[in-house]
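Here the sequence shown stands for residues -16 to -1, 1 to 196, numbered as in mature numbering (1 follows the signal peptide of the UniProt record, and there is no 0).
Note that beta-carbon positions come from the ideal geometry of N, C-alpha and C, so glycine has one too.
For reference, the structure is listed below as structure tokens.
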Amino acid sequence: MRVLLVLTCLLAACLALRPKPCKSPPLLTGKLTVSTQNEELWMYAKFLYDALGERIRFYEVGKYMNTSYTKDYLLIYNKSTIYDINKDAKTCTKLPLKDKFLPLGVPKNASLLGQAILGSSSGPGQGLLVNTWTGELPEKGGQYQMTLTARGCIPVSFILKTDRFGWMLTSYFDNVIGIPDPEQLIPPCFCKDAEMKNVKPLDFFSLFHQKH
Ligand SMILES: *[C@@H]1O[C@H](CO)[C@@H](O)[C@H](O)[C@H]1NC(C)=O
Ligand SMILES: *[C@@H]1O[C@H](CO)[C@@H](O)[C@H](O)[C@H]1NC(C)=O
Ligand SMILES: *[C@@H]1O[C@H](CO)[C@@H](O)[C@H](O)[C@H]1NC(C)=O
């Protein structure tokens, strides 16, 4: 009887520990790098992420096809608009945005690949417990593998299979929950009169290698 009780408790503990798909915090500020298998793109960006208002701002420095670039983009999903901002020149271009907002986190139908400790488990503060998931993005968005912290569902890395670049790796770091300066998610005043550029609507990933 006692053995059975112990077994039941162990089983319960196992079930309780099994990771479930999770949602990342709706407000995040952080940094990321993107690199691609075909070596055409490398990028570093600071980002502000607002899943409540469905807005994202990127300050990017990168290299695309051996050419360096800097970009400042504000994506406002409920207006299907990308603002391509040049703060110094106080100019702004509006571009049509194709995608629906895809919140950070693990899709419900993702499969768990496993749990692991990044760094080391030998001493306090040396390791980070993460879960890695795999699946496919909606609308033929491609196969993905994503790693997030087991506590807090903070993104660590995201690998996506794309036709354009092969595997595309995004690594997140210096994430802070919240948005200290929400004004950065509002189009600057000099964007008011910008006209929507008459181009084919862009998806999220084409932003990383856009030439205007
Ligand atoms: C978009 O969302 C904001 C709140 O984040 C709201 O104020 C605005 O009216 C919305 N615009 C449209 C076109 O739905
Ligand atoms: C980038 O430059 C390297 C070295 O000069 C060259 O081998 C490569 O083909 C270039 N890549 C592209 C996409 O132009
Ligand atoms: C999960 O759901 C999406 C649609 O939301 C679908 O496209 C995808 O094939 C599904 N399967 C996996 C394994 O991700």
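Spatially closest choice to residue i from the options, by CA coordinates
i           : options                          : result
Ala112      : Gly125, Arg135 and Gln129        : Per the sequence presented here, residue 112 reads as Leu, with Ala not at that position. The candidate whose alpha carbon is nearest that of Leu112 is Arg135.
Val160      : Cys6, Gly14 and Leu132           : Gly14
residue 224 : Ile143, Thr133, Lys63 and Lys181 : Because the chain spans -16 through 196 in this model, residue 224 falls outside it and cannot be assessed.
Phe85       : Asp72, Gly126, Val45 and Pro122  : Pro122
Thr154      : Thr51, Leu1 and Trp26            : Trp26
Met49       : Asn70, Ile66 and Thr20           : Thr20
Residue i - DSSP class collapsed to helix/strand/coil
i      : result
His196 : Reliability of the predicted coordinates at His196 is poor, the pLDDT of 42 falling under 50, and no value is obtained from them.
Glu120 : strand
Asn62  : helix
Leu191 : helix
Pro166 : helix
Phe174 : helix
Residue i CB to nearest heavy atom of ligand 3 below 6 Å
i      : result
Glu179 : no
Glu120 : yes
Asn115 : no
Asn93  : yes
Cβ pair residue i, residue j closer than 7 Å
i      : j      : result
Phe149 : Asn22  : yes
Thr77  : Asp68  : yes
Leu32  : Leu132 : no
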